[in-house]
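Participant: Numbering (my numbering), first residue to last: 8 to 324.
Where a beta carbon is used, it is the ideal one built from N, C-alpha and C, also for glycine.
Values in this document were obtained by computation on a predicted structure and should not be read as measured data.
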């Protein structure tokens, strides 16, 4: 039986930190929507941007809240705690997203065509490459033929720039609409690391094993990356370390996934990064390979059981 949701049934949650210009762009794009959402909850850490956010109070039903501790998951969970029964659909949005005018309208159109098992629908990020399979990706278990899949190695294939509505096994964290009862059923545990890499896969994959997940091709958004690290080489190494350690922990949480295939995939990434870095003379890519190798060596040294891979997360604090 189809759903019957309206835009007033939607609450938008935005965790943010020290990005007033991004918040303006995001909120401007919500103001311009052809269908207006029922509620907006902004949870900020760092420097207060309350004055920026509350300038929209005459156009959006918006509230501003401050978190003394930063962390995307922590701030989002704080926003979830403020929800009520009037908004059965909840949109998780990063502060560096800009929506096209009919993005909300098109999400609702698809949602109201689907059945009661639908738990989440993501917008279509159009300024990133679409998933493209290759023999090399297949060989190393990096990806299969289709977008939105979780490989046996634990790797998630991209969901960006899809050419049609697709059903998926996971959804991205900052452009997705969820049923409120589902996000309360699947509590997202906070992980204290500087980069929230793979947090969306951690959260959405278990949901996708029970409910239906989709990406809406016509609900188009742009992801306007603004993160500029103070030391790009150190950050590239840290990215490689975080992606590897988080990947190990993710595989450890799901017995249907394979540590052997994860190791093989990571070795493929390391070799590819070294080759690309040498050919292009790009030190950042080489440092990313270094971080991946450090993560793999840490795991091989510690040898935690599948149930104890969370011990490795201490290396990311």
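With DSSP as the reference, please indicate the residues paired to residue 174 in a beta bridge.
Facilitator: Position 167 of the chain shown holds residue 174. Residue 174 is bridged to 221.
Participant: If you run the structure through DSSP and keep just helix, strand and coil, what is residue 24?
Facilitator: In the chain shown, residue 24 corresponds to position 17, counting from 1. If DSSP states are grouped into helix, strand and coil, residue 24 belongs with the strands.
Participant: Can you tell me whether residue 251 is helix, strand or coil according to DSSP?
Facilitator: The residue you call residue 251 lines up with position 244 of the chain shown. Residue 251 falls in the helix class under three-state DSSP.
Participant: Over the uninterrupted alpha helix (DSSP H) stretch that includes residue 68, give me the two end residues.
Facilitator: As a working note, residue 68 is residue 61 in the chain shown. Premise fails: residue 68 is in no alpha helix (DSSP H) and is neither H nor E.
Participant: Which word fits residue 69, buried or exposed, when buried means at least 16 other C-beta atoms lie within 10 angstroms of its C-beta?
Facilitator: Within the chain shown, numbered from 1, the residue matching residue 69 stands at position 62. Burial call: buried.
Participant: Can you tell me the Cβ-Cβ gap for residue 105 and residue 32, rounded? I've got them flagged as a contact below 8 Å.
Facilitator: Start at 1 with the first residue of the chain shown, and residue 105 comes out as number 98. Start at 1 with the first residue of the chain shown, and residue 32 comes out as number 25. Contact holds; Cβ gap of about 5 Å.
Participant: In terms of alpha-carbon separation, which member of 55, 71, 52 lies closest to residue 61?
Facilitator: Working through the chain shown from its first residue, we reach residue 61 at position 54. Per the Cα distances, 71.
Participant: What three-state label does DSSP hand residue 48 in the structure shown?
Facilitator: Along the chain shown, one-based indexing puts residue 48 at 41. Residue 48: strand per DSSP, three-state reduction.
Participant: Within 8 Å, do at least three Cβ pairs link the segment 287-297 to the segment 255-275?
Facilitator: No: the two stretches stay apart, fewer than three of their Cβ pairs being nearer than 8 Å.
Participant: Keeping to the same chain, check which residues put their C-beta closer than 8 Å to that of residue 12; ignore five residues upstream and five downstream.
Facilitator: Residue numbering aside, residue 12 sits at position 5 when the chain shown is read from its first letter. 95, 96, 115, 118, 119, listed in sequence order.
Participant: With a cut-off of 8 Å on the beta carbons, I'd call residue 67 and residue 38 a contact; round off their distance for me.
Facilitator: Stepping through the chain shown from its first residue, residue 67 is reached at position 60. Stepping through the chain shown from its first residue, residue 38 is reached at position 31. Confirmed, Cβ separation roughly 6 Å.
Participant: State the Cα-Cα distance for the pair residue 252 and residue 200, rounded to the nearest angstrom.
Facilitator: In the chain shown, counting from the first residue as 1, residue 252 sits at position 245. In the chain shown, counting from the first residue as 1, residue 200 sits at position 193. Near 11 Å, if we compare the C-alpha coordinates of residue 200 and residue 252.
Participant: Can you tell me the Cα-Cα spacing of residue 82 and residue 107, whole angstroms?
Facilitator: Sequence index remark: in the chain shown, residue 82 carries index 75 (1-based). Sequence index remark: in the chain shown, residue 107 carries index 100 (1-based). Distance between the alpha carbons of residue 82 and residue 107: 25 Å.
Participant: Under 9 Å between the Cβ atoms of residue 197 and residue 80?
Facilitator: The sequence position of residue 197 within the chain shown is 190, counting from 1. The sequence position of residue 80 within the chain shown is 73, counting from 1. Result yes, Cβ atoms of residue 197 and residue 80 sit closer than 9 Å.
Participant: Could you spell out where the beta strand (DSSP E) holding residue 132 opens and where it closes?
Facilitator: The count along the chain shown starts at 1 and reaches residue 132 at position 125. 125-132 is the span of the beta strand (DSSP E), which, as asked, contains residue 132.
Participant: The beta strand (DSSP E) that contains residue 333, what's its start and end?
Facilitator: Outside the displayed span of the chain (8 to 324) sits residue 333, for which this structure offers no information.
Participant: Could you check whether the segment 171-188 touches the segment 209-227, counting it as contact only if at least three pairs of C-beta atoms, one from each stretch, sit closer than 8 Å?
Facilitator: Verdict: yes, contact present.
Participant: Identify, in the order they occur along the chain, each residue of the same chain with its Cβ nearer than 6 Å to the Cβ of residue 247, setting aside the five sequence neighbours on each side.
Facilitator: Locating residue 247 in the chain shown gives position 240, counting from the first residue. Cβ within range, chain order: 295, 298, 299.
Participant: For residue 142, report the span of its alpha helix (DSSP H) as first-last.
Facilitator: For this step, residue 142 is matched to residue 135 along the chain shown. 142-147 is the span of the alpha helix (DSSP H), which, as asked, contains residue 142.
Participant: With C-beta atoms as the reference, is residue 78 less than 9 Å away from residue 203?
Facilitator: Within the chain shown, the letter at position 71 stands for residue 78. Within the chain shown, the letter at position 196 stands for residue 203. The answer is yes: Cβ separation under 9 Å.
Participant: Would you kindly work out how many angstroms separate the C-alpha atoms of residue 306 and residue 319, rounded to a whole number?
Facilitator: Walking along the chain shown from the start, residue 306 turns up at place 299. Walking along the chain shown from the start, residue 319 turns up at place 312. Each residue's alpha carbon lies about 7 Å from the other.
Participant: My output table needs one value for residue 290: the three-state DSSP class, helix, strand or coil.
Facilitator: For the purposes of this step, residue 290 is identified with residue 283 of the chain shown, where counting begins at 1. DSSP places residue 290 in helix when its eight states are reduced to three.
Participant: Answer with buried or exposed for residue 25, where buried requires no fewer than 16 other C-beta atoms within 10 angstroms of its C-beta.
Facilitator: Looking up residue 25 in the chain shown gives position 18. It counts as exposed.
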